[in-house]
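Asker:
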Amino acid sequence: MEKINIKDPTEISEWLPFFRKENIPVLILGAPGIGKSESIQSCCEEDDTFVDIRLSMMEPPDVLGLQKLQSAAEEALRKYALARELVKSYRNIGQNEKADELEQRALKDLELAYELADEAPVKTFWSRPSIWPTHGKGIICLEELNTAPQGVQNTLLQALGSPPDQDRFVGPHRIPKTYYWCATGNRKEDLAHVYPLSSALRNRMVIVLCGNPNVERWSIWASQNDVHSHIIAFINFKPDMLYAPPTRNDPYSGFPSPRAWSRLVSPMVKHGINNPDFFASAVGEGAGMMFHTFLAKMKDLPDIKAILEGRAELDPKKISTRPSLMHVIATSTYEFVARDTRLLPAAVERILPHLKPEIAMVFATLIVRNKNQKVFSAVRSCRPFLSWINQYSDVLNLS
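Residue numbers (my numbering): 135 to 533.
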């Protein structure tokens with residue numbers, strides 16, 4: 135099976151628009167919790183609907199719908215009732231001619247069904263599951279595709295094999311061609327209890343193997359998604375702790391991943407928790423203990439806001455041999471500047487010169503790649519910052 139290999143989940147947003155434009159389904163395989171789904175969702179346009187379908191929780195009837203028996207007369211009555219509601223709506227907005235035409239057509243269909251009621255056979259219908267959109271446009275993401283049973287996978291063969299310029303069908307259910315289809319899954323080595331994919335299913339999608347997350351790119355994402363700055367600082371201090379694969383030795387222990395740090399640990403830190411057992415339950419014993427020790431040192435963190443406002447000074451001697459503290463100073467400074475861009479010149483003058491260049495890179499990367507227009511304008515117009523960043527461009531590598 136030929137595959138595309140990408141280094142980092144954030145690369146998904148760089149090439150997925152091409153596959154969407156050509157309507158080519160893609161299956162992205164990677165470790166759990168690294169941000170595959172978030173990267174796909176980031177490709178949605180402003181008026182898109184993101185349809186997140188968790189296949190691992192489904193059986194074939196959840197995808198195809200429940201079967202029911204219905205005669206032609208019953209179906210005609212159902213359609214007639216809908217037509218009557220539509221007629222009322224037309225009359226309410228003054229479109230009487232349209233209402234009259236629809237009413238006459240519905241009556242003729244009802245008369246025909248009545249005449250054939252005794253001889254028309256009873257047919258099997260599938261109720262339409264609510265997961266399938268009927269209008270609009272967007273992205274349908276089939277989450278955890280290879281943790282779904284074989285029967286569920288088979289229900290999707292028709293849809294994934296449809297020509298790119300036509301509507302797709304899941305059984306009898308039409309899905310507008312304005313929706314792009316893609317899927318995610320885990321690999322066997324991720325201990326995720328995956329099922330094999332049939333050759334028929336693999337032959338309908340482009341297979342992409344996704345590498346583990348990049349610390350720099352994750353830090354940018356985290357800074358823009360309310361992840362606590364102490365976690366960002368810790369990950370930049372200990373890059374190997376952003377993601378570590380689960381082990382077979384203890385199937386019930388947590389392991390570090392972008393999802394665990396942002397969704398589990400960050401709320402703990404925001405509530406003032408510094409309990410190694412709590413952290414270990416989320417990211418594993420090793421990462422949890424290291425993060426606990428890291429936070430314990432934060433009692434020596436200087437008053438960043440006071441320094442930026444000129445009410446205090448940063449003592450270089452107290453931080454020169456403490457890179458972990460420097461990382462927290464860098465991310466904390468970024469948070470203050472992102473909230474009040476008027477503090478950017480003060481950051482350049484009073485804090486950045488006292489940080490090691492490779493640690494100052496963390497601040498520079500976050501502030502330069504902040505998507506907020508106000509922050510972007512402030513960076514472009516701040517001469518002290520532009521002069522400083524040019525001085526260290528060989529170290530910062532912000533191209």
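Note that beta-carbon positions come from the ideal geometry of N, C-alpha and C, so glycine has one too.
Bear in mind the structure is a predicted one, so any value in this text is a computation, not a measurement.
What residue range is occupied by the uninterrupted alpha helix (DSSP H) comprising residue 378?
Answerer: In the sequence shown, the residue the question calls residue 378 occupies position 244. Note, residue 378: premise wrong, no alpha helix (DSSP H); not H, not E.
Asker: Beta-carbon separation of residue 301 and residue 308 under 7 angstroms?
Answerer: In the sequence shown, residue 301 corresponds to position 167, counting from 1. In the sequence shown, residue 308 corresponds to position 174, counting from 1. Yes, the Cβ-Cβ distance between residue 301 and residue 308 is below 7 angstroms.
Asker: What's the call for residue 440, buried or exposed, on a 16-neighbour Cβ count within 10 Å?
Answerer: Mapped onto the sequence shown, residue 440 falls at position 306. When all chains shown are included, residue 440 counts as exposed.
Asker: In angstroms with no decimal places, state the Cα-to-Cα distance between residue 365 and residue 209.
Answerer: The residue labelled residue 365 in the question sits at position 231 within the sequence shown. The residue labelled residue 209 in the question sits at position 75 within the sequence shown. About 58 angstroms.
Asker: Indicate the three-state DSSP secondary structure (helix, strand or coil) for residue 386 in the structure shown.
Answerer: Taking the sequence shown and counting its residues from 1, the one referred to as residue 386 is at position 252. The answer is coil: DSSP assigns residue 386 none of H, G, I, E or B.
Asker: If you follow the alpha helix (DSSP H) that residue 326 is in, where does it begin and where does it stop?
Answerer: In the sequence shown, residue 326 corresponds to position 192, counting from 1. Counting along the chain, residue 326 falls outside any alpha helix (DSSP H), and DSSP gives it neither H nor E.
Asker: Closer than 8 angstroms by C-beta to residue 232: which residues in its own chain qualify, once you throw out the five before and the five after it? Chain order, please.
Answerer: Numbered from 1 along the sequence shown, position 98 holds the residue referred to as residue 232. The answer, listed in chain order, is 224.
Asker: Pop quiz: residue 470 and residue 501 are said to be a contact at Cβ under 8 angstroms. What is the actual Cβ separation, rounded to whole angstroms?
Answerer: Indexing the sequence shown from 1 puts residue 470 at position 336. Indexing the sequence shown from 1 puts residue 501 at position 367. Going by Cβ atoms, the distance from residue 470 to residue 501 rounds to 11 angstroms, so no, they are not a contact pair.
Asker: Mapping DSSP to helix, strand and coil, what is residue 199?
Answerer: In the sequence shown, counting from the first residue as 1, residue 199 sits at position 65. Coil at residue 199, not helix or strand.
Asker: Could you name the residues that DSSP lists as bridge partners for residue 313?
Answerer: On the sequence shown, position 179 is the one that residue 313 refers to. Looking at the DSSP assignment, residue 313 forms a beta bridge with 272.
Asker: Using only alpha-carbon positions, find the residue among 287, 228, 292 that is nearest to residue 191.
Answerer: Locating residue 191 in the sequence shown gives position 57, where the first residue counts as 1. Checked all of 287, 228, 292; the closest Cα to residue 191 is 287.
Asker: To test your reading of the DSSP string, which unbroken alpha helix (DSSP H) runs of 4 or more residues are found completely within the segment 141-192?
Answerer: As far as the segment 141-192 is concerned, its whole alpha helix (DSSP H) runs of at least 4 residues are 146-156, 170-175.
Asker: My assumption, with CB atoms under 8 angstroms, is that residue 282 sits in contact with residue 214. Please give the rounded CB distance.
Answerer: Position 148 of the sequence shown, counting from 1, holds the residue named residue 282. Position 80 of the sequence shown, counting from 1, holds the residue named residue 214. 39 angstroms between Cβ atoms; not a contact.
Asker: Closest by CA to residue 205, which one among 178, 244, 188, 226?
Answerer: Along the sequence shown, one-based indexing puts residue 205 at 71. Out of 178, 244, 188, 226, 244 has the C-alpha closest to the C-alpha of residue 205.
Asker: Which residue from 431, 406, 443 puts its Cα closest to that of residue 476?
Answerer: Here residue 476 refers to the residue found at position 342 of the sequence shown. Answer by Cα proximity: 443.
Asker: Are the beta-carbon atoms belonging to residue 377 and residue 391 less than 7 angstroms from one another?
Answerer: Residue numbering aside, residue 377 sits at position 243 when the sequence shown is read from its first letter. Residue numbering aside, residue 391 sits at position 257 when the sequence shown is read from its first letter. Against a cut-off of 7 angstroms, the Cβ pair of residue 391 and residue 377 comes out as a contact.
Asker: Does the pairing of the segment 175-186 with the segment 407-419 give three or more beta-carbon distances under 8 angstroms?
Answerer: As far as the Cβ criterion goes, the segment 175-186 does not touch the segment 407-419, which means the pair count is below three.
Asker: Do the CB positions of residue 273 and residue 161 come within less than 7 angstroms of each other?
Answerer: Indexing the sequence shown from 1 puts residue 273 at position 139. Indexing the sequence shown from 1 puts residue 161 at position 27. In this structure, residue 161 does not lie closer than 7 angstroms to residue 273 by Cβ.
Asker: Below 7 angstroms between beta carbons: does that hold for residue 412 and residue 402?
Answerer: In the sequence shown, the residue the question calls residue 412 occupies position 278. In the sequence shown, the residue the question calls residue 402 occupies position 268. Yes.
Asker: Which stretch, first to last residue, makes up the beta strand (DSSP E) that contains residue 338?
Answerer: Mapped onto the sequence shown, residue 338 falls at position 204. Where residue 338 is concerned, there is no enclosing beta strand (DSSP E), given that its DSSP letter is neither H nor E.
Asker: Cβ of residue 294 within 7 angstroms of Cβ of residue 151?
Answerer: If you number the sequence shown from 1, residue 294 lands on position 160. If you number the sequence shown from 1, residue 151 lands on position 17. No, the Cβ-Cβ distance between residue 294 and residue 151 is not below 7 angstroms.
Asker: Quick one: what does DSSP say residue 532 is sitting in, helix, strand or coil?
Answerer: Here residue 532 refers to the residue found at position 398 of the sequence shown. Residue confidence is low: residue 532 scores 47 on pLDDT, short of 50, so the model does not pin down where it sits. No coordinate-derived value is stated.
Asker: Could you round the C-beta distance between residue 465 and residue 363 to whole angstroms and report it? I think they count as a contact, below 8 angstroms.
Answerer: Numbered from its first residue, the sequence shown carries residue 465 at position 331. Numbered from its first residue, the sequence shown carries residue 363 at position 229. So it is a contact: roughly 4 angstroms between Cβ atoms.
Asker: As a quick exercise: from 523, 380, 354, pick the residue whose alpha carbon is nearest that of residue 504.
Answerer: In the sequence shown, residue 504 corresponds to position 370, counting from 1. Cα-wise, what sits closest to residue 504 is 354.
Asker: State the beta-bridge partners of residue 277 as determined by DSSP.
Answerer: Along the sequence shown, read from residue 1 onward, the residue named residue 277 stands at position 143. Bridge partners of residue 277: 188.
Asker: Cutting at 6 angstroms between CB atoms, please list the residues of its own chain near residue 195, excluding the five before and the five after it.
Answerer: By one-based count along the sequence shown, residue 195 stands at place 61. If we look at residue 195 and ignore the five residues flanking it on each side, it has no Cβ neighbours.
Asker: Tell me which residue opens and which closes the beta strand (DSSP E) that residue 257 is part of.
Answerer: Locating residue 257 in the sequence shown gives position 123, where the first residue counts as 1. Note, residue 257: beta strand (DSSP E), 257-260.
Asker: Use the C-beta contact count for residue 430: other C-beta atoms within 10 angstroms, 16 or more gives buried, fewer gives exposed.
Answerer: As a working mapping, residue 430 is identified with position 296 in the sequence shown. The residue in question, residue 430, is exposed, as its Cβ has fewer than 16 Cβ neighbours within 10 Å.
Asker: Residue 346 by DSSP, collapsed to three states: which one?
Answerer: Taking the first residue of the sequence shown as 1, we reach residue 346 at position 212. Residue 346: coil per DSSP, three-state reduction.
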